[in-house]
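Numbering (the working numbering), first residue to last: 1 to 388.
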Ligand SMILES: Cc1ncc(COP(=O)(O)O)c(C=O)c1O
């Protein structure tokens, strides 16, 4: 038989899948995969139920229903002061994952280079390679994950089509500073490139920080594509509703890809997300505060056991070094070990690196879980490793 596509066939089962299966097998508390374990906001759920029963459920418009595109434009103005034309600059997608694929397939020509900041989300490289681009990696390393001019200088070149940035960043839990964003903007403009901005955690930033979309920096409005996700903003990851905001000239080719890839996204969920984006500030502040409390709860517990807990400025992940626990082995071995022997699952941070010699002494824990689940995980780890 002839071979399947060699790029995609070369990818095995993801580490998330492997660890989740192991977690089920060992009845482990799974802080590996990143999803909240609550129901999400009742009024948004009700809006979806109402829309299902009272509104059409046939194919909605390819670009998304007007109410949601208007809500995304309104959200950009309300939170970031960006003026967006909802008709030509907003498209609804089936989650941020589809938005990323549509943007990469829509913009890349075979032979282009794409600058990427690792550690990175797992869908980026397979898709951009399938689109024919060469990844050029910019490496951030713990504990400070600092972006340097030298790293960007090494990654950008005349063939750079775009840089893909994730801010706030999973798994580093990093929020890029304005100075770092200015540096990225400088390179994007110098090399006449685009910026594809995965901002799914835009509302999950802590300690008085404010999310700054790269699109708001001088000279970047015309070069940036901003991706958001209702899955993260409303703790409804299974809905897979995302949105892209981009200048019309960039969104047009992206929409061609979306048209052939999925064409559209369930209309009832779009209506509910439109309702959600209009919720008052209390909702958005409450989301960040609730997650911050959970971050602190897990961070304190892990620190008590002897983990070196790294700063977490945003997202719902926290990274912890395990070197002081007396475990001999790398992060993959450690995550397997705590799953099977302690009954708690985390993800090895090295899995988020594509290049060689990745940092291998840190595990990523997801804290968007019920308090008793977080407490249970800490208790189990404490029982296993003892308290320092
Ligand atoms: C950085 C990042 N981008 C994109 C996604 C996917 O978002 P969605 O579920 O809307 O496709 C995730 C989900 O974990 C993520 O962490």
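A virtual CB, placed ideally from N, CA and C, is assigned to each residue, including glycine. No experiment lies behind these values; they were computed from the predicted model shown.
Residue from the options whose Cα sits closest to the Cα of residue i
i: residue 136; options: 234, 154 and 93; result: 154
i: residue 121; options: 100, 109, 236 and 219; result: 100
i: residue 201; options: 182, 169 and 226; result: 169
i: residue 151; options: 66, 157, 139 and 347; result: 139
i: residue 405; options: 205, 234, 195 and 49; result: Residue 405 is absent from the structure shown; the chain starts at 1 and stops at 388.
i: residue 231; options: 64, 71, 74 and 97; result: 97
i: residue 8; options: 108, 125, 65 and 35; result: 125
i: residue 320; options: 367, 130, 290 and 2; result: 367
i: residue 44; options: 111, 271, 244 and 213; result: 271
i: residue 347; options: 372, 370 and 317; result: 317
i: residue 207; options: 185, 251, 56 and 286; result: 286
i: residue 233; options: 275, 267 and 265; result: 275
i: residue 81; options: 87, 88 and 73; result: 73
Residues bridged to residue i [DSSP beta-bridge criterion]
i: residue 30; result: 345
i: residue 171; result: In the DSSP output, where bridge partners are listed per residue, residue 171 has none listed.
i: residue 160; result: 113
i: residue 194; result: 162
i: residue 137; result: 116
i: residue 243; result: 92 and 228
heavy atom of ligand 1 below 7 Å from residue i C-beta
i: residue 32; result: no
i: residue 345; result: no
i: residue 276; result: no
i: residue 54; result: no
i: residue 353; result: no
i: residue 131; result: no
i: residue 198; result: yes
i: residue 166; result: yes
i: residue 319; result: no
i: residue 64; result: no
i: residue 96; result: yes
i: residue 14; result: no
i: residue 294; result: no
i: residue 237; result: yes
i: residue 57; result: no
i: residue 208; result: no
Reduced DSSP category for residue i - H, G, I as helix; E, B as strand; rest coil
i: residue 77; result: helix
i: residue 376; result: helix
i: residue 226; result: strand
i: residue 95; result: helix
i: residue 7; result: helix
i: residue 314; result: strand
i: residue 320; result: strand
i: residue 188; result: helix
i: residue 362; result: strand
i: residue 205; result: strand
i: residue 50; result: helix
i: residue 399; result: A query on residue 399 cannot be resolved here, the shown segment of the chain reaching from 1 to 388 and no further.
i: residue 389; result: With the chain running from 1 to 388 in the structure shown, residue 389 is simply not present.
i: residue 86; result: helix
i: residue 370; result: coil
CB contact check: residue i to chain C, cutoff 8 Å
i: residue 346; result: The structure shown contains no chain C, having only a single protein chain.
heavy atom of ligand 2 below 7 Å from residue i C-beta
i: residue 121; result: In the structure shown, ligand 2 is absent; the only ligands present are ligand 1.
Practice problem: Please specify which runs of the alpha helix (DSSP H), each continuous and at least 4 residues long, are wholly inside the segment 260 to 301, giving them in chain order. | Solution: 267 to 277
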